[in-house]
Structure formats: structure tokens, C-alpha cells
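Peer 1: Under this note's numbering, the first residue of the sequence shown carries the number 214, and numbering increases by one thereafter. Built from N, CA and C at the ideal position, the CB exists for glycine as well. Keep in mind it's a predicted model, so treat the numbers as computed, not measured.
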Amino acid sequence: MHVFDRKTKITQRNRSAFFQNPSMYDYVRDEVASRLADRVCDISRKFCVAVDLGCGRGHLSKYLPSDSVNFLYQCDSAVEILVSGTHRYLSQFTTPYILPITFT
214 MHVFDRKTKI TQRNRSAFFQ NPSMYDYVRD EVASRLADRV CDISRKFCVA VDLGCGRGHL
274 SKYLPSDSVN FLYQCDSAVE ILVSGTHRYL SQFTTPYILP ITFT
């Protein structure tokens, strides 16, 4: 029994890239990203590399300070979200990367 159909879920996430006002729906992800970034800041060392798997519109990069992470890889299976230009917070990191991921 399949609870989730991966292909359907990716299609749904790709469609969400074209919503007129995505911030109306992103408040929960923003809250989770804010709390995660706060916990990362509690760690005293700087991370050379971080991966935001399932990054969506880049919520974590909005709250994660550049003095905590050198390189941030943002990966998502929804390619339309990655190319929609909503990753405006990545400029604070030394070398940001946005990567599509595929499942076989």
C-alpha cells in the first residue's frame, strides 16, 4: 500500500511555485525554519557545509546567519520552486548552490 504517490506530490509542489501570493501559505515553514536556525546558532562552531533537503522556497536561508554556515546546498524535488527566483536570501553565503534532486 502506498500512502503517498511521489510523482503526484512532486507535481503538487511544482504547481505551488505558481501561486499568486505564496507567502500566505509559507508561515508554517517560516516558523519551523526560524526555530531550526535558532538551534543552529546555539552551536558555537561554524559549519563548512549545510544541506537544506526539501528547501522549498528557501525558508531556512532566510533565517540562517552566514556566520554559522559557509556553504549552503538547497535541494528539492520540485524543480519549479527552485527556478522560481524565490531564493533571494542566498547571497549572504559564500557559495550557495541550488540543486534539483530526483528519485528513482
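Between the stretch 224 to 238 and the stretch 255 to 266, do three or more beta carbon pairs fall short of 8 Å?
Peer 2: Short answer: they don't touch.
Peer 1: In three-state terms, what does DSSP make of L277?
Peer 2: Coil at L277, not helix or strand.
Peer 1: Please report the straight-line C-alpha distance between S281 and R248, rounded to a whole angstrom.
Peer 2: Each residue's Cα considered, the two are about 15 Å apart.
Peer 1: According to DSSP, is A250 helix, strand or coil?
Peer 2: Helix, per DSSP.
Peer 1: Beta-carbon separation of A246 and L285 under 8 Å?
Peer 2: Not in contact: A246 and L285 (Cβ atoms no closer than 8 Å).
Peer 1: Mind reading off the beta-carbon distance from S290 to I223? Whole number of angstroms is fine, and I expect it under 8 Å.
Peer 2: Indeed they touch by this definition, with Cβ atoms about 5 Å apart.
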